[in-house]
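A.B. asks:
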Amino acid sequence: MKKFLAPDITADSAPYWQALKRHVLQLQQCAACAGFRFPPLPSCPKCGALGGQWVETSLHGRLCSWTEIFHPLDPRLKDEVPFVLVLVDLDAGPRVSARLVGADPQALRIGMRVTARFDDLDDELTILNFEPAAADALDAPPSTTTTTRRPA
Ligand SMILES: [Zn+2]
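For what it's worth, the numbering used here labels the leading residue of the sequence shown as 3, then goes sequentially.
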């Protein structure tokens with residue numbers, strides 16, 4: 003058993019994971035409507051067209067939502083809590099989930115700019131995480147959202 007939780011890599015998702023290993027963010031783009039999609043699927047959820055192409059996309063996005071994890075639901079996570087799980091609306095369109103690294107959970111706000119980072123878990127697996135975008139870290143506008151609540 004690996005020391006970390008590994009994803010199920012399928013024929014549809016293999017190109018995504020192979021790109022992450024090269025520290026590149028690639029998403030499927032529909033050949034018919036040009037929409038990007040995530041997670042990888044054999045057909046476009048917007049127009050139904052089969053297939054598509056893998057396209058390198060921007061590493062940037064906006065924070066849509068987050069939660070701070072305090073309780074390790076899997077024993078392999080016991081040394082990693084607390085950590086922040088986020089939903090990010092990528093500039094390319096799709097919403098992805100990942101961890102946010104290097105941010106004070108109390109300083110998070112919906113809409114803040116984040117940048118993808120590539121974390122190598124071992125020689126075979128690289129995962130997508132996010133960190134605050136450099137410009138946001140230097141000049142953060144007033145918070146317009148709720149703050150996370152720690153468990154009692
Ligand atoms: Zn489409």
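Every residue, glycine too, gets a C-beta built ideally from N, C-alpha and C. Only a predicted model underlies this, so the values are computations on that prediction, with no experimental measurement involved.
Is the region 48-62 touching the region 13-30 in the sense that three or more CB pairs, one from each, lie closer than 8 Å?
C.D. replies: Touching, yes, given that three or more Cβ pairs across the two stretches are closer than 8 Å.
A.B. asks: Taking only three categories from DSSP, how would you classify L43?
C.D. replies: L43: coil per DSSP, three-state reduction.
A.B. asks: Can you tell me whether G63 sits near ligand 1, meaning its C-beta is under 8 Å from at least one heavy atom of the ligand?
C.D. replies: No - ligand 1 has no heavy atom lying nearer than 8 Å to the Cβ of G63.
A.B. asks: Using a threshold of 8 Å, is the CB atom of K5 nearer than that to any non-hydrogen atom of ligand 1?
C.D. replies: No, the beta carbon of K5 sits no closer than 8 Å to any heavy atom of ligand 1.
A.B. asks: Just to confirm the assignment, what range does the beta strand (DSSP E) spanning L92 have?
C.D. replies: Looking at the DSSP string, the run of the beta strand (DSSP E) that includes L92 is F85 to L92.
A.B. asks: Given a threshold of 16 other Cβ atoms within 10 Å of its Cβ, counted over all protein chains shown, does G104 qualify as buried or as exposed?
C.D. replies: Flag for G104 reads exposed.
A.B. asks: Within the present structure, is the beta-carbon of G37 separated from the nearest heavy atom of ligand 1 by less than 8 Å?
C.D. replies: Under cutoff, so the answer is yes.
A.B. asks: Which class does A21 belong to by DSSP, given the choice of helix, strand or coil?
C.D. replies: Helix, per DSSP.
A.B. asks: Using only CA atoms, which one of F132, E126 and A136 lies nearest to R24?
C.D. replies: Closest option to R24, Cα to Cα, is E126.
A.B. asks: Under three-state DSSP, which class holds L52?
C.D. replies: If DSSP states are grouped into helix, strand and coil, L52 belongs with the strands.
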